[in-house]
Amino acid sequence: MTQQTANSSSTQPALRVVLDTNVLVSLYVFADSRFAPLRAQIETGVWLALTSEDCLAEFKRVLNYPLFALPQEKQTAAYAAYYAHIHCVMPATTEAARLALATQQAPGFAPRVSQVTRTSQTVLPLCKDRDDQKFLEAALAGAADWLITGDKALLILAKRARLRSLFRILTPEDALTALNANNSLNQLA
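In the numbering used here, the protein residues as written are 912 to 1100.
This is the structure in C-alpha cells:
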C-alpha cells in the first residue's frame, strides 16, 4: 500500500477518494475506457485511494463471483493492481455511540458512529443498504474529499447536508466531469 499525499504535478495535496466495489469492478476488471482517467488519477498519485479492510474484503469477494467467471490469475491481478495504490483507513465504531443512537435507528438497521479522532465523533446517516455503510465509514475515517459510487442507496445520501459538509458523493460520470473541468481550468492558468 502506498501513502502518497501530494499531487505528482503540483504542490496541492492529493484528492482523497473512496471507490465503491462497483466502481472498482468497472476500473480493474472490465477496464471501462470511459473511466480510464479516474484510474489514472489513482495510479499517478494525483488521487489518494482510501479504503478499509471491510471494503477490500468485499472487493475480493466480488472478484470471485461466478457471474464474472474470472480465472484466479485475473482476480489476483485486479486486486493487486488496486491494492498497490491504496491507503487503508480504520473506521472506528463504539458501543457507547451505538447505545446513544439506539433511538434514532431505523427498524432492522444498526446505528454506527465513525471517529475522525479519538476525541471527536461524527454521526453518519444510515445507508438504506447496510452493506454500503462501510464506504461512508471509510470516507469519514480517511477524511475523504469524494466517495465515488454508482449505488443508488449511497447516491441518495449525497443530498444530506450533514454529509456534504464532510465529503461529496459522486457518480463516476460526475467525478469524470469534475476531473475534466479541473483539467480545463489548469490549462487556462
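All C-beta atoms in this analysis are idealised placements derived from N, C-alpha and C, irrespective of residue type, glycine included.
Which residues does DSSP list as the beta-bridge partners of P1083? P1083 pairs with nothing; no bridge assigned.
Secondary structure of R927, DSSP reduced to three states: strand
Cutting at 6 Å between CB atoms, please list the residues of its own chain near K1039, excluding the five before and the five after it. The beta carbon of K1039 sits closer than 6 Å to the beta carbons of A1064 from its chain, once the five residues preceding and following it are set aside; these are given in chain order.
Would you list the residues sitting across from A960 in a DSSP beta bridge? For A960, which the question treats as bridged, DSSP gives the partners V928 and I997.
Where DSSP assigns a beta bridge to I1059, which residues make up the other side? L930 and L1081
Sorted by chain position, which residues of the same chain lie with C-beta nearer than 8 Å to D878's C-beta, five sequence neighbours on each side aside? What is shown of the chain runs 912 to 1100, which leaves residue 878 out entirely.
For the region 933-953 and the region 1052-1066, state whether three or more C-beta atom pairs, one from each stretch, are separated by less than 8 Å. yes
Once you ignore the five residues that flank A1069 on each side, which residues in its own chain have a CB closer than 8 Å to its CB? Only R1075, R1079, I1080 and L1081 meet the Cβ criterion.
A942: buried (16+ other C-beta within 10 angstroms of its C-beta) or exposed? exposed
Taking the alpha-carbon positions, what's the T913 to A1086 distance? The predicted position of T913 is uncertain, since its pLDDT is 46 and thus under 50; a value taken from the coordinates is nonetheless stated next. Distance between the alpha carbons of T913 and A1086: 22 Å.
Sorted by chain position, which residues of the same chain lie with C-beta nearer than 8 Å to L1090's C-beta, five sequence neighbours on each side aside? Cβ neighbours of L1090 beyond the five flanking positions: P948, L949 and Q952.
Would you please state the rounded distance, in angstroms, between the beta carbons of A1055 and V929? I believe it to be under 8 Å. 5 Å
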